[in-house]
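Each residue of the sequence shown is one higher than the last, beginning at 1243 in this note's numbering.
Have a look at the structure below, then the notes.
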Amino acid sequence: MYTLIFSVGLPYSAKQQEELRNESLLHGDVLQANYFDSYRNLTYKQLAELRYIASSCYNVKALLKLDDDVGWNVTKTAHFINANLTTNEIYCARRITEEEWSLPKYPTHCAGLMYIASPATIRRMLDVVHLQRFFWIDDVFITGVLTDASNVTVKRFGGVNEKRKKRRDRETFFYLNKEDIMYWFLNYNQNVL
């Protein structure tokens, strides 16, 4: 139903590289690319992820990109993807409108949290990446600059930012404290794992 991939750049020590190598050998879920892992290089990280999906994951129906402090309901996400995903759209938890950001250099884009896109959408975006001026804010570059340049429509994915209720009442995606992620994910999704 889904595969988790942990994307990382180059570590700053040989010891960290050895730990990454061991993790990758043990679980097979590490994607490492040639950039130093830092906040200013998040755009490189996402480009590496998109290139991997576009070039190596031929039977993938969708990419769900999540920050590490976001939980998700596997069943609701699968239903949403099956009912809504098309080749020319990217769905976001939040969308920055022109009214919210009036400066012309920031296009409409997905703000943080998550987005969902088909492999065909990803390929369209990657087809124009070499024509764009690099911008280090990954949300703006990946889901703004590239979607504009490739004529991909940015759409809002509803029900994402609901106020926190009891755990069982939460919507498809929501912010979590990092300590709660594994507990919530395993308990809430145990019927589909």
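The beta-carbon is built from N, C-alpha and C at its ideal position, and this holds for glycine as well.
query, result
"Let me know the secondary structure DSSP gives Thr1395 once reduced to three states.", "strand"
"Could you check what DSSP says for Val1250 in three-state terms: helix, strand or coil?", "strand"
"Where does Lys1318 fall in DSSP's three states?", "helix"
"For Arg1366, which residues of its own chain have a beta-carbon under 7 Å away from its beta-carbon, when the five flanking residues on both sides are left out?", "Ser1392, Val1394"
"Note down the Cα distance separating Lys1397 from Tyr1254, rounded to an integer number of angstroms.", "38 Å"
"For Ala1296, report the span of its alpha helix (DSSP H) as first-last.", "1284-1298"
"Among Tyr1277, Leu1268, Asn1433, Pro1361, which one has its Cα closest to the Cα of Ile1332?", "Pro1361"
"Start and end of the alpha helix (DSSP H) containing Ala1362?", "1361-1369"
"Please return the same chain residues whose Cβ sits closer than 7 Å to the Cβ of His1321, not counting the five positions on each side in sequence.", "none"
"The alpha helix (DSSP H) spanning Ala1256 covers which residue range?", "1256-1269"
"Taking the DSSP output, what are the residues bridged to Leu1308?", "Met1356"
"Assign His1351 to buried or exposed, taking buried as 16 or more other Cβ atoms, counted over all protein chains shown, within 10 Å of its Cβ.", "buried"
"Determine whether the beta carbon atoms of Tyr1277 and Leu1252 lie at a separation below 9 Å.", "yes"
"Does the distance from the CB of Leu1284 to the CB of Leu1368 come in under 9 Å?", "no"
"Using DSSP with H/G/I as helix, E/B as strand and the rest coil, what is Arg1410?", "Low confidence applies to Arg1410: its pLDDT is 43, below 50, so where it sits in the model is not reliable, and the reading given next is rough at best. Of the three classes helix, strand and coil, the one that applies to Arg1410 here is helix, per DSSP."
"Once DSSP output is grouped into helix, strand and coil, what is the label at Asn1324?", "helix"
"Mapping the DSSP letters down to three states, classify Tyr1438 as helix, strand or coil.", "This structure leaves residue 1438 out entirely; the chain is present only between 1243 and 1435."
"Going by beta-carbon coordinates alone, are Val1250 and Lys1307 separated by less than 9 Å?", "no"
"If you draw a straight line from the C-alpha of Phe1248 to the C-alpha of Asp1310, how long is it?", "10 Å"
"Could you give the C-beta distance for Leu1355 and Val1312, rounded to a whole number, given that I count them as a contact under 8 Å?", "6 Å"
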